[in-house]
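Chemist: First the structure, then my questions, so here it is.
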Amino acid sequence: MSGLLYLIPIALLLGALGLAAFLWAMRSGQFEDLDGAAHRVLFEDDTPDDRNHDNH
Amino acid sequence: MGTLVGGGCCAPLVEGPDADATDAVRGRLGPLDPYLIAEPDGHITLNMMVEGITCGGCISTIERSLLKEEAVSKARVNLSTGRLKVTYDPERVAPEHLIATLDLLGYRAVPYDPAALQEGRDQEDKQLLRAMAVAGFAAANVMLLSVAVWAGTYQDMGPATRTLLHWISALVAVPAVFYAGRPFFDSALTAIRAGRTNMDVPISLAVLLATGMSVFQTLRAAEHAYFDSAVTLLFFLLIGRFLDRRARSKARSAAEQMTGLSATAVTVLLPDGSLQAMAPSSVEAGMTVFVPAGSRIPVDGTVLQGQSDVDAQLITGESLPEAVRPGISVFAGAMNVSAPLKIRVDAAGEGTLLAEIARLMEAAEQRRARYVGIADAVARWYAPVVHTMALAAFIFWFFGMGLIWQDSLMISIAVLIITCPCALGLAVPVVQVIACSRLMRQGILLKSGSALERLADIDTLVFDKTGTLTKGQPVLVPNQDADPDDIRRAAGIAAASLHPLSRALVAAAGPGVAPLDDVREVPGAGLEWQGRDGLHRLGSRAFLKLAEDAVPSGGGDSTSGPEIWYARPGQAPIRFAFMDALRDDAAAVVAEFKRLGMDIHLLSGDRDDVVAQTASALGIDAWEARITPDGKLRYLEDLRAAGRKPAMVGDGLNDAPALAAALVSLSPASGADISRTAADVVFQGSHLAPVLEAYHTARDAERLVKQNFALAFLYNAVTVPLAFAGFVTPLLAAVAMSSSSIVVIGNALRLGWRRGGNSPGGKSSGRGWTDSAGSARLKATPVSMGSDPSGSRSA
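First to last, the protein sequences are chains L and H. Going left to right, the first sequence walks through residues 1 to 56 as UniProt numbering numbers them. Going left to right, the second sequence walks through residues 1 to 795 as UniProt numbering numbers them.
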């Protein structure tokens with residue numbers, strides 16, 4: 001039973017990490033164009049210059 | 001000028017547009033200043049709505065074409081909303097040039113002001129998504145702890161460990177419930193304050209009571225706590241709420257796209273001779289407005305200067321442009337075809353014909369009873385039932401069976417949790433979201449959430465003629481006797497004009513017609529070209545100074561449709577006759593709707609003989625010609641008064657009031673702005689099949705929604721007695737709730753599988769309506785011949 005003492009905090013921490021990652025992704029606009037993102041992954045050439053990489 | 005019309009999807013990259021194309025954009029859109037947003041680094045950001053973005057290829061084409069300009073620092077397409085955001089250096093490139101680039105690719109772009117769109121509602125969406133994330137996190141973790149407790153019940157877990165796990169659950173669940181439950185609590189509070197009850201009241205009660213009671217149980221170190229049920233319930237309900245919201249916001253963004261595409265600035269000629277862009281709402285009577293060729297007239301007014309042709313098809317349904325000269329009145333919404341015009345504003349804002357139509361529409365919408373969606377209807381009687389049952393459970397156990405109040409309350413809470421409409425809350429939105437995206441893939445936009453439900457209900461279909469059943473564009477009547485060389489020569493001259501008949505002639509001549517140089521356009525009359533052999537003229541009978549009874553060379557048929565004449569030196573003039581062809585699949589779609597048992601009506605502002613011909617070609621018995629907008633409206637209202645459930649399909653300004661009065665309305669994307677705004681469903685493309693597809697999807701969706709309700713009720717019928725009897729442990733509640741929700745979602749997903757699906761058991765597939773064989777068959781029977789294709793089909 002003593003395993004619980006560190007397993008439960010770890011479980012909660014991992015869950016909280018997932019939640020934080022989701023909230024971050026949402027804030028940085030990654031859910032604004034779900035359909036587009038599905039297609040962008042298939043583009044062959046990554047834009048050679050970095051002009052288009054920022055989402056905002 | 002390579003301004004293409006229609007889908008430029010996956011077009012190849014193009015070289016930059018020339019100066020002419022850029023000027024054309026300037027003419028079409030007017031000044032762009034109100035839409036330009038300055039960035040801190042001196043660059044400018046321009047937001048645009050783009051028509052025709054349909055796939056990943058479009059994203060890549062648009063972005064790469066724009067980024068080829070060195071001055072463009074960012075170009076980002078949003079495929080979901082069909083919007084484009086470009087940031088560029090204003091020193092080195094004009095925004096019109098960028099829009100002209102899109103024109104060349106075949107995408108029509110219109111700038112919009114993002115601040116004007118409801119940003120606030122986006123915030124609410126995000127709030128909901130955050131609540132869902134928190135509920136999901138809590139549900140997963142509390143469930144993890146609860147599983148440990150359940151497993152421990154059958155093993156050697158002591159009460160101390162169990163209570164510790166309950167405390168940790170409480171630590172996670174209580175804040176999560178208060179954060180993630182707010183959307184429901186707020187709505188429930190509002191309802192109670194107004195003396196009503198809605199579905200959120202039992203939800204809030206169940207969640208709060210379950211949480212509160214569980215905290216109390218934890219304090220007592222009791223065996224059962226319902227933290228997991230409370231948060232799982234919230235999580236599933238939030239999924240339903242979010243999907244519901246997504247379906248609505250998709251509909252909303254479609255509607256905004258419509259209005260955004262119509263809102264272009266008006267160019268006003270100030271007394272000092274300078275031009276100024278103004279919002280349509282700030283234009284006043286007495287001002288002078290400048291309207292370039294190829295753009296819409298924004299006001300009702302009188303022509304002061306210029307000769308041109310004005311295409312009023314969207315207002316009157318008349319498919320041919322009318323020649324205008326100084327002194328003639330023109331109406332807002334008409335397209336100025338051939339030459340620039342200066343127009344004195346006679347009426348603006350409230351005084352225009354457009355505003356008059358809008359008033360008719362508003363009145364019609366008010367008379368239309370508010371439609372109660374199936375989910376609301378169910379919630380209306382379900383909410384009281386839930387309350388009553390929970391209360392009855394408590395009374396039964398506490399007073400009837402003499403149980404202690406804690407246990408009675410636990411049973412009562414279990415009943416509340418079990419009856420809570422998880423599956424019910426998911427039943428409608430999941431289906432709607434899937435139906436919406438299935439339709440969107442086929443170019444059909446839903447503008448209102450309840451449109452599908454209403455569409456599934458219809459028993460009568462009312463069509464407008466011009467632009468709805470027909471293409472709204474003249475097509476050359478094939479004339480066997482005409483020499484192909486003459487047609488090509490005439491087309492070479494016609495290529496210089498934007499007049500619809502000229503375009504039809506060019507289209508009929510086939511590809512590779514070389515436009516002739518030095519063609520002079522006489523606005524409102526015709527075209528002249530000085531050839532080596534003399535003067536060639538192409539235009540109206542009056543322009544060629546022909547007698548009324550002139551006989552064309554080579555005979556030609558004598559149909560009474562629109563015509564142009566072609567005169568060459570030393571030879572008899574040739575007559576080209578045109579007709580407004582039916583949409584390729586109009587007859588097939590109408591026949592299919594008749595097979596489905598619909599009553600089909602045809603209303604048109606056109607002449608009796610033309611409408612009669614169309615009606616007989618399509619096999620429509622109920623038709624009326626020469627009908628006014630008000631008449632159409634009354635026709636629809638009479639139908640509804642007679643207990644019918646009519647859908648209206650129309651595209652013109654004159655259809656708008658009728659569209660508003662119908663139970664549900666559809667409009668092609670090529671229709672007037674106001675009709676597209678009035679319509680619940682807007683479809684793209686040159687076919688009528690989307691109307692049929694929308695109907696089939698609506699019926700499929702309705703069936704799935706009903707199945708989902710049935711599943712949800714079945715689940716209640718099994719579990720509510722168990723809960724009432726006190727057999728439901730937290731484990732059973734959570735499992736039953738989750739599984740019923742998943743079953744409902746899975747059932748809804750079936751809608752997405754039947755891509756382009758059709759009626760169940762029907763022999764025809766959805767594709768049959770657009771295949772080439774079908775359209776070829778229909779093309780072979782043009783309207784002007786007055787033949788009856790439906791007769792041969794029904795035999």
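Yeah, the Cβ is synthetic: ideal placement off N, Cα and C, and Gly gets one too.
Comparing C-alpha positions only, which one of H:Tyr107, H:Arg26, H:Phe184 and H:Asp113 sits nearest to Ile37 of chain H?
Modeler: Walking along the second sequence from the start, residue 37 of chain H turns up at place 37. Answer by Cα proximity: H:Asp113.
Chemist: Compute the Euclidean distance between the alpha carbons of Met49 of chain H and Ala748 of chain H, then round it to the nearest angstrom.
Modeler: The residue given as residue 49 of chain H occupies position 49 in the second sequence. The residue given as residue 748 of chain H occupies position 748 in the second sequence. Roughly 31 angstroms between the two C-alpha positions.
Chemist: Straight-line CA distance for Asp585 of chain H to Val664 of chain H?
Modeler: Mapped onto the second sequence, residue 585 of chain H falls at position 585. Mapped onto the second sequence, residue 664 of chain H falls at position 664. Using only the alpha carbons, I get a separation of about 22 angstroms.
Chemist: Quick check on the DSSP output: the alpha helix (DSSP H) that includes Val718 of chain H runs from which residue to which?
Modeler: One-based indexing of the second sequence puts residue 718 of chain H at position 718. First-last of the alpha helix (DSSP H) with Val718 of chain H: Ala689 to Phe724.
Chemist: Considering only the alpha carbon of each residue, which of H:Gly619, H:Asn336, H:Glu702 and H:Asp517 lies closest to Ile458 of chain H?
Modeler: Mapped onto the second sequence, residue 458 of chain H falls at position 458. Nearest of H:Gly619, H:Asn336, H:Glu702 and H:Asp517 to Ile458 of chain H, Cα basis: H:Glu702.
Chemist: Is any beta-carbon of chain H found at less than 8 angstroms from that of Gly3 of chain L?
Modeler: Here residue 3 of chain L refers to the residue found at position 3 of the first sequence. Not closer than 8 angstroms to any Cβ of chain H, the Cβ of Gly3 of chain L fails to qualify, so no.
Chemist: Between Ala581 of chain H and Thr614 of chain H, what straight-line distance do the alpha-carbon atoms span, to the nearest angstrom?
Modeler: Taking the first residue of the second sequence as 1, we reach residue 581 of chain H at position 581. Taking the first residue of the second sequence as 1, we reach residue 614 of chain H at position 614. Each residue's Cα considered, the two are about 10 angstroms apart.
Chemist: Using a C-beta cutoff of 8 angstroms, does Leu13 of chain L count as contacting chain H?
Modeler: As a first step, residue 13 of chain L must be located in the first sequence, where it is residue number 13. By this cut-off, Leu13 of chain L is not an interface position.
Chemist: Find out if the Cβ-Cβ distance for the pair Leu751 of chain H, Asp700 of chain H is shorter than 8 angstroms.
Modeler: Position 751 of the second sequence, counted from the first residue, corresponds to residue 751 of chain H. Position 700 of the second sequence, counted from the first residue, corresponds to residue 700 of chain H. Cβ atoms of Leu751 of chain H and Asp700 of chain H: closer than 8 angstroms.
Chemist: Taking the Cβ atom as the reference point for each residue, do Val649 of chain H and Ile620 of chain H lie within a distance shorter than 8 angstroms?
Modeler: Along the second sequence, one-based indexing puts residue 649 of chain H at 649. Along the second sequence, one-based indexing puts residue 620 of chain H at 620. Contact: no.
Chemist: Would the beta-carbon of Leu546 of chain H fall within 8 angstroms of that of Arg537 of chain H?
Modeler: Position 546 of the second sequence, counted from the first residue, corresponds to residue 546 of chain H. Position 537 of the second sequence, counted from the first residue, corresponds to residue 537 of chain H. Going by C-beta atoms, Leu546 of chain H is not nearer than 8 angstroms to Arg537 of chain H.
Chemist: Applying the criterion that 16 or more other CB atoms from any shown protein chain within 10 Å of the CB defines a buried residue, is Ser675 of chain H buried or exposed?
Modeler: Here residue 675 of chain H refers to the residue found at position 675 when the second sequence is read from its first residue. Ser675 of chain H comes out buried.
Chemist: For residue 797 of chain H, which residues in the same chain have their Cβ closer than 8 angstroms to its Cβ, ignoring the five residues on either side in sequence?
Modeler: The shown model of chain H, from 1 to 795, leaves out residue 797 of chain H, and the question about it has no answer.
Chemist: Give the C-beta separation of Gly15 of chain L and Val77 of chain H to the nearest angstrom, bearing in mind that I take them to be a contact with Cβ-Cβ under 8 angstroms.
Modeler: Position 15 of the first sequence holds residue 15 of chain L. Position 77 of the second sequence holds residue 77 of chain H. Actually they are not in contact, since the Cβ atoms of Gly15 of chain L and Val77 of chain H sit about 35 angstroms apart, beyond 8 angstroms.
Chemist: Classify Leu535 of chain H as buried or exposed, calling it buried when 16 or more other Cβ atoms lie within 10 Å of its own Cβ.
Modeler: Start at 1 with the first residue of the second sequence, and residue 535 of chain H comes out as number 535. Result: exposed.
Chemist: Contact defined as beta carbons within less than 8 angstroms: I believe Arg241 of chain H pairs with Leu129 of chain H. What is the distance between those atoms, to the nearest angstrom?
Modeler: Your numbering for residue 241 of chain H matches position 241 in the second sequence. Your numbering for residue 129 of chain H matches position 129 in the second sequence. 10 angstroms between Cβ atoms; not a contact.
Chemist: Between the beta-carbon of Asn47 of chain H and the beta-carbon of Ala11 of chain L, is there less than 8 angstroms?
Modeler: Working through the second sequence from its first residue, we reach residue 47 of chain H at position 47. Working through the first sequence from its first residue, we reach residue 11 of chain L at position 11. No, they are not a contact pair.
Chemist: How long is the line joining the alpha carbons of Trp623 of chain H and Leu633 of chain H, rounded to whole angstroms?
Modeler: The residue you call residue 623 of chain H lines up with position 623 of the second sequence. The residue you call residue 633 of chain H lines up with position 633 of the second sequence. Computed Cα separation, rounded: 14 angstroms.
Chemist: Taking Phe185 of chain H as part of the alpha helix (DSSP H), name the residues at either end of that continuous run.
Modeler: For the purposes of this step, residue 185 of chain H is taken as the residue at position 185 of the second sequence. Here the alpha helix (DSSP H) through Phe185 of chain H covers Arg182 to Arg193.
Chemist: Please identify, using Cβ separations under 9 angstroms, the residues of the region 124–149 of chain H that lie next to chain L, in order along the chain.
Modeler: Flagged, chain order: Lys126, Leu129, Arg130, Ala133, Val134, Gly136, Phe137, Ala138, Ala140, Asn141, Leu144, Leu145 and Ala148.
Chemist: Looking at chain L, which residues of the region 70–82 of chain H have a Cβ within less than 9 angstroms of any of its Cβ atoms?
Modeler: Residues Val72, Ser73, Lys74, Ala75, Arg76, Val77, Asn78, Leu79, Ser80 and Thr81.
Chemist: Closer than 8 angstroms by C-beta to Leu67 of chain H: which residues in its own chain qualify, once you throw out the five before and the five after it? Chain order, please.
Modeler: If you number the second sequence from 1, residue 67 of chain H lands on position 67. Once the five neighbours on either side are set aside, the close Cβ partners of Leu67 of chain H are Ala75.
Chemist: Exposed or buried, Trp405 of chain H, counting other C-beta atoms within 10 Å across all chains shown (16 or more means buried)?
Modeler: Here residue 405 of chain H refers to the residue found at position 405 of the second sequence. Burial call: exposed.
Chemist: Can you tell me whether Gln123 of chain H is buried or exposed, with buried defined as 16 or more other CB within 10 angstroms of its CB?
Modeler: The sequence position of residue 123 of chain H within the second sequence is 123, counting from 1. Exposed is the call here.
Chemist: Would the region 133–140 of chain H count as touching the region 17–25 of chain L if we require 3 or more Cβ pairs under 8 angstroms?
Modeler: Touching, yes, given that three or more Cβ pairs across the two stretches are closer than 8 angstroms.
Chemist: Mind pulling the chain H residues with CB within less than 7 angstroms of Ile8 of chain L?
Modeler: Residue numbering aside, residue 8 of chain L sits at position 8 when the first sequence is read from its first letter. Here the neighbours are Ile168.
Chemist: Let's test the definition: count the other Cβ atoms within 10 Å of the Cβ of Leu219 of chain H and tell me whether it reaches 16, buried, or not, exposed.
Modeler: The count along the second sequence starts at 1 and reaches residue 219 of chain H at position 219. When all chains shown are included, Leu219 of chain H counts as exposed.
Chemist: Quick one: residues in its chain with C-beta nearer than 6 angstroms to the C-beta of Gly425 of chain H, no 5 flanking neighbours on either side, listed in chain order?
Modeler: For the purposes of this step, residue 425 of chain H is taken as residue 425 along the second sequence, with counting starting at 1. Result list for Gly425 of chain H: Leu237 and Gly240, in chain order.
Chemist: Are the region 471–479 of chain H and the region 441–456 of chain H touching by the rule of at least three beta carbon pairs closer than 8 angstroms?
Modeler: Cβ pair count under 8 angstroms is below three, so no.
Chemist: Could you work out which residues of chain L lie near Ser60 of chain H, taking near to mean beta carbons separated by less than 7 angstroms?
Modeler: Walking along the second sequence from the start, residue 60 of chain H turns up at place 60. Simply Phe43.
Chemist: Check Val93 of chain H in the structure and name its three-state DSSP category.
Modeler: Residue numbering aside, residue 93 of chain H sits at position 93 when the second sequence is read from its first letter. The answer is coil: DSSP assigns Val93 of chain H none of H, G, I, E or B.
Chemist: Excluding five sequence neighbours on each side, which residues of the same chain lie with their C-beta closer than 7 angstroms to the C-beta of Ala173 of chain H?
Modeler: Residue numbering aside, residue 173 of chain H sits at position 173 when the second sequence is read from its first letter. So the list reads Ala138, Val142, Thr211, Phe227, Ala230 and Val231, once near-sequence residues are dropped.
Chemist: Bridge partners of residue 796 of chain H, per DSSP?
Modeler: No answer is possible for residue 796 of chain H: the residues shown for chain H start at 1 and end at 795.
Chemist: Within a Cβ cutoff of 6 angstroms, which residues of the same chain sit near Pro90 of chain H, ignoring the five residues on either side of it in sequence?
Modeler: Position 90 of the second sequence holds residue 90 of chain H. Counting only Cβ-Cβ distances below 6 angstroms, and skipping sequence neighbours, we find Ile44.
Chemist: Residues bridged to Pro111 of chain H by DSSP?
Modeler: Locating residue 111 of chain H in the second sequence gives position 111, where the first residue counts as 1. In the DSSP output, where bridge partners are listed per residue, Pro111 of chain H has H:Met48.
Chemist: Output the boundary residues of the beta strand (DSSP E) element that contains His536 of chain H.
Modeler: Locating residue 536 of chain H in the second sequence gives position 536, where the first residue counts as 1. Residues Gly534 to Gly539.
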